[in-house]
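Remarks on the structure that follows.
In our numbering, the protein residues as written are 61 to 544.
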């Protein structure tokens, strides 16, 4: 949102970061837009922001205020930028930490259910056809169950893959649709579809964003538009709010381990059994008493970046990008580690990774994506609910499952979480596109070629570090387009 009032320009990004907003302060102008490509032509030259690249390697998305373009900044969720008399100031006008209030455990389930129904009801209001995405998971099932209960069952869409059946969760989605009595369409894509969509998707994203799901999702929205729909409901936000990542519970276990009184021998053991795996980094942080959780989307650890890059990366380099968020959290009323996990991932992983992807690939087809789980009143209620109630029996989303049990049933609720998987690395390898990483590195010398080869080999031959390699491909593609 932009408001010009009495010689002062106010830019405001929405509370939870559903839409992006960028600006550049130039010599004789102040330029702002919701897309980077609208601002880039105003830059005197295109240079890569080194801090943006480092935050991208850590989190597969840039952290505010950084973008990959030197001279262009982005607003964080809930932030206001004011431009007046040639000066720029930044302030938070909204914070989930301040807006949320503690909710009594007895009242929480009913309040959350009511807020969810109201959120879906509001987002069903449209003067154009509305449909919904449907995976095999709980979040999209919950949204579709509520919309059906409100008397507006939606046409649903899901993805399948021609070549790799193990990534295909369309059968689970079809089963959910049948249970809920919904019309359902499966869209099947193959390697050629995926590869042909790479360039237009990356052009849509404007800067590196390491989520490979952007490609199939772009193709899915392409079909949805042809079917005549202009609004799509999607399930983003449920994992962060309801503790849906298994990783959260792993972190909680490590947090408990770090509280042991006699832990010196464990610290010595960890330091004596060096590994480049991120799990080793987690234990090292815990016993070194530094911040353990830095986001469920963290990929390259500082140690891994130090091995990969042709420069020294200091220990705790990635921490600097999230320290402002940690400072805000420590100054708030909230204390439980799980609350920190939710807060940080809503601010970074959800806003700058998942929502950025969803907004760009949907708007590329002139489709408005709506995310009922991220209604601010619902988010505040869930965030204010005690961590103990959300942790429940120690299984992800136990609170959401208990709330939705009357509407979904055991078949859907007991289904194992798969996530939005796709054969992106297989497509990248068999098409030969993966060679771009080494080709660009030969021209830039950005990475150590031997370490780079180790990562690629591990991804192709053993299925390890797949998303890291994809992120390097995305980065290489951007460098080739803008810098070479």
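Using N, Cα and C, we set each Cβ at its ideal position, and we do this for glycine too.
Its Cα nearest to that of residue 366, the residue 378 stands out among 378, 154, 356. Each residue's CA atom was taken as its position, placing residue 293 and residue 359 some 28 Å apart. Considering only 198, 505, 489, the residue with the shortest C-alpha distance to residue 521 is 489. With respect to residue 75, residue 137 sits close: the two C-beta atoms are nearer than 9 Å. In the three-state DSSP reduction, residue 353 falls in the coil class, being neither helix nor strand. Each of 291, 166, 407 was checked against the Cα of residue 424, and the nearest Cα belongs to 291. Of all alpha-carbon atoms in 277, 129, 70, the one lying nearest the alpha-carbon of residue 427 is that of 277. No Cβ-Cβ contact shorter than 9 Å links residue 515 with residue 534.
In the three-state reduction of the DSSP assignment, residue 246 falls in the strand class.
Per the C-alpha coordinates, the member of 205, 83, 429, 303 positioned closest to residue 398 is 303.
Non-local C-beta neighbours of residue 85 in its own chain, meaning closer than 7 Å and more than five positions away in sequence, comprise 148, ordered along the chain.
The segment 200-217 makes contact with the segment 174-185; the number of CB pairs closer than 8 Å reaches 3 or more. Put simply, of 442, 285, 319, 295 the residue whose alpha carbon is nearest the alpha carbon of residue 165 is 442. Taking the C-beta atoms as reference points, residue 298 is found nearer than 9 Å to residue 202. When the five nearest sequence neighbours on each side are left out, the beta carbons in the same chain lying within less than 8 Å of the beta carbon of residue 314 are those of 342, 343, 346, 352, in order along the chain. Restricting attention to alpha helix (DSSP H) runs no shorter than 4 residues, the segment 104-167 encloses them at 110-119, 156-159, ordered along the chain. With 16 or more other Cβ atoms inside 10 Å of its own Cβ, residue 122 counts as buried. Annotation note: the segment 399-466 contains the following uninterrupted alpha helix (DSSP H) runs of length 4 or greater, listed N- to C-terminal: 415-423, 436-444, 447-451. Closest by C-alpha distance to residue 68, out of 90, 81, 80, is 90.
Per DSSP, reduced to three states, the secondary structure at residue 220 is strand. Bridge pairing for residue 266: absent [DSSP]. Straight across, the Cα-Cα distance linking residue 105 with residue 88 is about 15 Å. By the criterion of a C-beta distance shorter than 8 Å, residue 503 is surrounded in its chain by 544, once the five residues flanking it on both sides are discounted. Distance from the CA atom of residue 356 to the CA atom of residue 66, rounded to whole angstroms, is 43 Å. When DSSP states are grouped into helix, strand and coil, residue 186 belongs to the coil group. About 6 Å separates the beta carbons of residue 413 and residue 271, which is inside the 8 Å limit, making them a contact pair.
Residue state for residue 192 is assigned as strand, using DSSP reduced to three classes. Inter-residue distance for residue 542 and residue 158 is about 40 Å (C-alpha atoms, whole angstroms).
The segment 374-388 makes no contact with the segment 240-256; the number of CB pairs closer than 8 Å stays below 3. Counting only the Cα atoms, residue 238 lies some 43 Å from residue 115.
Between residue 462 and residue 199, the alpha-carbon positions lie close to 13 Å from each other. Beta-bridge pairing by DSSP links residue 68 to 65.
The C-alpha of residue 494 lies about 24 Å from the C-alpha of residue 107. In terms of Cβ geometry, residue 92 and residue 124 do not form a close pair [threshold 9 Å]. For residue 405, the closest alpha carbon among the candidates 532, 340, 392, 296 is that of 296.
Within the same chain, Cβ atoms closer than 8 Å to the Cβ of residue 350 are found at 376, 379, the five residues on either side in sequence being excluded.
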